[in-house]
Structure formats: C-alpha cells, structure tokens
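Notes to accompany the following structure.
Number of protein chains: 2
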Amino acid sequence: MTETDRRIAVFESQLKGAGLRMTQQRRLILRVLAEADDHPDAKGIFTRAFAHDPTLSLSTVYRTMKVLESQGAIERHAFEDGISRYEHADQEHHDHLIDVDSGEVIEFSSDAIEELQRRIAAELGYELVRHRLELYGRKKQPARRGGRKAS
Amino acid sequence: MTETDRRIAVFESQLKGAGLRMTQQRRLILRVLAEADDHPDAKGIFTRAFAHDPTLSLSTVYRTMKVLESQGAIERHAFEDGISRYEHADQEHHDHLIDVDSGEVIEFSSDAIEELQRRIAAELGYELVRHRLELYGRKKQPARRGGRKAS
DNA sequence: ATTAATCATGCAAATGAGTTTCAATAGTGA
DNA sequence: TCACTATTGAAACTCATTTGCATGATTAAT
Ligand SMILES: [Mn+2]
Ligand SMILES: [Mn+2]
Ligand SMILES: [Zn+2]
Ligand SMILES: [Zn+2]
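From first to last, the protein sequence lines stand for chains A and B. Just so we're aligned, residue 1 is where the first sequence starts under the numbering used here, counting upward by one. Just so we're aligned, residue 152 is where the second sequence starts under the numbering used here, counting upward by one.
Now the structure itself:
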C-alpha cells in the first residue's frame, strides 16, 4: 500500500508539472492499476474502480488512460483481439507470451532478444525506437514415458 | 501476370475443395493482392479493385479477406494503429520494421530471431505457435566526418 | 476560508473499423 | 438449361473508443 501511495505521489507531481490536476478519479484508477498484476482493458479497470466509486464513468477511464500513458505512467498493449490493455510502467521492460488455449499472459524478458532486435534494425539502417514482441504458444506436456499419447 | 494467374488457379481449387465458389469479385481482389507489393488495408484494396469493377462493395472486400485468410492465401497484420493490413501469403515468413517518421514498412527475416523466440517459449514450457514481431525505428544518418551535426 | 480561473467529469451522441441481415444475383454440377 | 445454394450490395448494426457540452471539482491566489 505504501508502494502504491508512492506511485500516486510521483504521478501527482508529474501532473502538476504539466498543469494538470490530481482528481479522485485519477487517484482511484491509479490505485487499481498499481494493485493489478494482470493486463486489464478499460472495461476491466472500470469495473474494479466502479466498485469503489459508483459515480465513475467509463469515459473518464479512457481519458485517464490517455493521460497516464502520455505521462509514461502506464503502458498500453493490444494483443490479437485489438483491444487496448494496460499495465503500470514502473517495472522493467518485458515482452509477453500468450497461451493460445487459455488466453493467459506470461511476461518474460530476454537481453539476447532485445540486443538482436537492435542489431537487426541497425543492419537495415535504422535505430530501434521501440518494438512489439508477442509470442503465442501452447503449453508443452512434460515428456511422457512410452512416446506420444493416444488420441 | 502468369504468376498471378497461377495463384488464382491454386486458390480456386482450394475453394472448390471447401465447397466454396470462385466469383468475379474474389478473382479481382486476389489479383489486386497478388500485384500489391505493400500492405494495404481493406479500404485500400477496395479502392484499387473498385477501379476495375465499380459495382464492388466494401463488405465484399471484408468478407473476401476472411475467406482468403481462412484458406491461408493471405496474412493479416495489425500494426500500431490497429487497422488490419493484408499481404499475400506465398512468400516465406518475415517480420516488419516500421519507419516511425514515414510510416514505411520494411520487411526482414532473421533465422536467429526466429530460433530465439522458439527457445524462449520452450524455456517457459510452451511450444511456439506463432508470433508477432514489429520493430519501430528511425533512419540512421550515415556517419558524418566532423562528429554530430549541428542543431 | 472565499474566489476566480480553468481543468476534469458524466452523460449522451458521434465515430469508425468491421460484421451481419436480407432480398436479389450468380456460380455450380447435373 | 435447371435447381440448388453460395455470394453479393446495401443498409443496419456492433463495439471500442472519442468527443461535445453543461456541470462540478481542483488549484493558486486572495
Ligand atoms: Mn506485462
Ligand atoms: Mn510483409
Ligand atoms: Zn522487448
Ligand atoms: Zn518472425
């Protein structure tokens, strides 16, 4: 909870610096995001926040996500369904593997692949600004005695 | 042109096998895609095809893209703006680098990065089914004599 | 604390890509 | 050529996201 409060304080000073205001709604949404350990979409964030403040509107969630993103407080991802999903940005960079059967999102990071991407861009004459890397995979069965399973 | 016709013939037999029909519209859209060397969206395909058949409708383009995709005849990509873009699928796998200034899409392929993705998935206990890799970069200036440029 | 300035909010309406409904049309195989 | 049914064009619809507008809340200065 203290960690969450620290994040909110940091964000508040960022806002001030941009001539923007810290509102109850923004505080609430920020708290929801800080406590989330998944990648909720706007509706999901709205649902969680709405439980604490039934006057909140979905428009405000969308607007807040834009502010948070422009301040670098969150990251937005759009996986295959195209819907924007969000997560707080105070963690180090990582990419995502999506379980194609369950939809579960697994985070991973690999210095090797980060470096390789930079090198590929460089070979094409570009400086890498950002990237999007999503792996879609299916859970491997642990190896079985007796070869491939029937059916 | 012969190459395009071959593609169309192949697709027609795929359709037949699925109990589907080869129509003028599908033939036309397929031709547009075969002749494209970029990554047009539905509206772009519609515009090009409409020039040859002013009775064509945008709905048909969308419907046709679904059929083509389900038959594996095209690939769909959604870059940062979320709009679906298409390209014919009879080329080997590649990924894309997008010039953040011009929007230009550059194709590349790297066995190293393909292999690395497979390995990362495997380490997480997954078998890689597919992936999405997009690099966003800015054109590098060729090295200049005299150090960094003014301004 | 009170106020003035203006930023932010809630609601409803609008937007835009993509999908679907339906009556009419056009491939298909016989 | 015929009967069957997949496909089409047009319009209506879906759904995530954005926007206009009147009202309410936050801020820094009294
Ligand atoms: Mn994440
Ligand atoms: Mn391509
Ligand atoms: Zn990464
Ligand atoms: Zn690839």
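Glycine is no exception: its CB is placed at the ideal position from the N, C-alpha and C atoms. Predicted model only: the values in this text are computed from it and were never measured.
Problem set entry | Exposure of Ala-34/A, with buried meaning 16 or more beta-carbon neighbours within 10 Å | Only buried fits Ala-34/A, as 16 or more other CB atoms lie within 10 angstroms of its CB.
Quiz item: Relative to the C-alpha of His-96/A, which residue among Ser-84/A, Phe-79/A, Asp-111/A is closest?
Solution: The candidate whose alpha carbon is nearest that of His-96/A is Phe-79/A.
ask   = Is the number of C-beta pairs between the stretch 218–226 of chain B and the stretch 259–266 of chain B that are closer than 8 Å three or more?
value = Flag = no, the stretch 218–226 of chain B and the stretch 259–266 of chain B do not touch.
**Request:** Have a look at the DSSP bridge pairing and note the partners of Ser-261/B.
**Result:** DSSP lists no partner for Ser-261/B.
Which class does Ser-210/B belong to by DSSP, given the choice of helix, strand or coil?
Note: Ser-210/B maps to helix in three-state DSSP.
Can you give me, in chain order, the residues of the stretch 121–136 of chain A that have a beta carbon less than 7 Å from any beta carbon in chain B? Residues Ala-121, Leu-124, Gly-125, Tyr-126, Glu-127, Leu-128, Val-129, Arg-130, His-131, Arg-132, Leu-133, Glu-134, Leu-135, Tyr-136.
By the 7 Å beta-carbon criterion, what residues does the stretch 57–84 of chain A contribute toward chain B? Look at the stretch 57–84 of chain A: the residues with a C-beta under 7 Å from a C-beta of chain B are Ala-78, Gly-82.
Where does Arg-177/B land, buried or exposed, given buried means 16+ other C-beta within 10 angstroms? So Arg-177/B counts as buried.
Neighbouring residues, chain A, relative to Arg-289/B (Cβ below 7 Å): The contacting residues are Tyr-126, Glu-127, Val-129.
Span separating the alpha-carbon of Gly-125/A from that of His-282/B: Rounded to the nearest whole angstrom, the C-alpha separation of Gly-125/A and His-282/B is 24 Å.
Classify Ala-18/A: buried if its beta carbon has 16 or more other beta carbons within 10 angstroms, exposed otherwise. With fewer than 16 Cβ atoms within 10 Å of its Cβ, Ala-18/A is classed as exposed.
- Leu-207/B and Leu-179/B closer than 8 Å at C-beta: Closer than 8 Å, so yes.
For the beta strand (DSSP E) containing Ser-87/A, name the first residue and the last one.
The amino acid occupying residue 87/A in the given sequence is Glu; Ser does not appear at that position. Per DSSP, Glu-87/A belongs to the beta strand (DSSP E) from 84–88.
(request) Could you work out which residue in Gly-103/A, His-88/A, Ser-102/A, Lys-139/A is closest to Val-10/A when comparing CA atoms only? (result) Nearest option by C-alpha distance: His-88/A.
| request: Output, in sequence order along the chain, the residues in the stretch 97–109 of chain A whose CB is closer than 9 Å to any CB in chain B. | output: Per Cβ criterion, the list reads Leu-97, Asp-99, Val-100, Ile-106, Phe-108.
For the beta strand (DSSP E) holding Lys-139/A, just list the boundary residues, first then last. Lys-139/A -> beta strand (DSSP E) spans 126–139.
Taking the beta carbon of Thr-215/B as the centre, do at least 16 other beta carbons fall within 10 Å, making it buried, or is it exposed?
With at least 16 other beta carbons inside 10 angstroms of its own, Thr-215/B counts as buried.
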